[in-house]
Amino acid sequence: RGRVRPANQDTAYAGTRLLAVADGFGPAGAPASSAAVEALRFLDTQEVPAGSVLNLLEDAVQGATEAVRDATDDPDANGTTLTALLWTGSRLALVHIGDSRAYLLRDGELFRITHDHTVVQSLIDEGRLTEEEATAHPQRTLLLKALGTGTPDLRLHDAAPGDRYLLCSDGLPTALPDARVRELLSTGAPDVAVRALVDAANEAGGPDNVSCVVADVVREAS
Numbered sequence: 012r013g014r015v016r017p018a019n020q021d022t023a024y025a026g027t028r029l030l031a032v033a034d035g036f037g038p039a040g041a042p043a044s045s046a047a048v049e050a051l052r053f054l055d056t057q058e059v060p061a062g063s064v065l066n067l068l069e070d071a072v073q074g075a076t077e078a079v080r081d082a083t084d085d086p087d088a089n090g091t092t093l094t095a096l097l098w099t100g101s102r103l104a105l106v107h108i109g110d111s112r113a114y115l116l117r118d119g120e121l122f123r124i125t126h127d128h129t130v131v132q133s134l135i136d137e138g139r140l141t142e143e144e145a146t147a148h149p150q151r152t153l154l155l156k157a158l159g160t161g162t163p164d165l166r167l168h169d170a171a172p173g174d175r176y177l178l179c180s181d182g183l184p185t186a187l188p189d190a191r192v193r194e195l196l197s198t199g200a201p202d203v204a205v206r207a208l209v210d211a212a213n214e215a216g217g218p219d220n221v222s223c224v225v226a227d228v229v230r231e232a233s
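Okay, structure coming up:
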């Protein structure tokens, strides 16, 4: 968790097939993020044909949306982001809404594979703001959509042995530049990398809570 906010409203999950991070907001942000991730956990133990994974994930996200509504007294004042990856053999299905992020580390290079649904990101896309200016923008945390208030991004990614994936709440990129994330993500086993990332974010000032999960793609035993 970060050093400034008194309560951590993030929820993270790492299973053998499913990775998920949700960052809640509002007075009931913590139960909102927890409900969203809990609603996806059944995917971790379910056999999923690669051809139907996006439909299954879309249905699961609808269930997560309903779970969040049930977990909060006022859905208009509370909500959560959601970013999740589901492994189906040689491919990964991604669902993303909000400003949590997913990164891929492949052959020493770091790629962000999600797009922030924020006012600031839209200004960057329009060329009205630079990445550097965005880090200090007063509206940098203002979301354009969150779970239940917009259509999430859904797509498939090819996975290769040796790939490393990072899912994180927005507290991590707020505190650390991509070059530092790449450096720390490249070190040690997944749990070691997680600890290094969280510690570095806290040492940088930890303006927001930080939750992250890291997982490696390994070759299946024949």
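So the number in our numbering is just where the residue sits in the sequence shown, counting from 1, plus 11.
Glycine included, every Cβ here is placed at the ideal spot set by N, Cα and C.
Predicted, not measured: the structure shown is a model, and the values here were computed from it.
Bounds of any alpha helix (DSSP H) do not take in E137, whose DSSP letter is neither H nor E. DSSP links L121 through a beta bridge to L116.
DSSP, reduced to helix, strand and coil, places T83 outside both helices and strands of the structure shown, so it counts as coil. Taking a cut-off of 8 Å for Cβ pairs, the stretch 36 to 53 and the stretch 89 to 106 touch, as three or more such pairs fall below it. Counting C-beta pairs with one atom in each stretch, the stretch 136 to 155 and the stretch 74 to 81 have fewer than three that are closer than 8 Å, which means they do not touch.
For the 8 Å CB-CB criterion, A61 and R102 form a contact. Measuring C-alpha to C-alpha distances from R123 to each of L177, L158, T185, A147 identifies L177 as the nearest. T22: member of the beta strand (DSSP E) spanning 21 to 25, first to last residue.
Taking N66 as reference, the option from L97, D85, F36, L93 with the minimal CA-CA separation is L97. The residue from A113, P163, S180 with its alpha-carbon nearest to that of D174 is A113. Measuring C-alpha to C-alpha distances from G182 to each of G109, A50, V59 identifies G109 as the nearest. Its chain contains V228, V229, R230 as the residues whose beta carbon lies nearer than 7 Å to that of P172, once the 5 sequence neighbours on both sides are disregarded; these appear in chain order. With respect to the C-alpha of A212, the residue from P184, S111, E69, D202 having the closest C-alpha is P184.
Distance from the CA atom of S197 to the CA atom of A71, rounded to whole angstroms, is 32 Å. Around the Cβ of P149, a 10 Å sphere holds fewer than 16 other Cβ atoms; the residue is exposed.
Judged by DSSP secondary structure, G40 falls within the alpha helix (DSSP H) whose first and last residues are 40 to 51.
Closest by C-alpha distance to L195, out of R52, C223, H168, D169, is C223. Following the DSSP letters along the chain, one finds L29 inside the beta strand (DSSP E) bounded by residues 29 to 36. Contact between the stretch 26 to 33 and the stretch 125 to 132 is absent: fewer than three C-beta pairs spanning the two stretches fall below 8 Å. Taking C-beta atoms as the reference points, L116 and R193 count as a pair closer than 8 Å. The three-state reading of DSSP puts A171 in coil, since its state is none of H, G, I, E or B.
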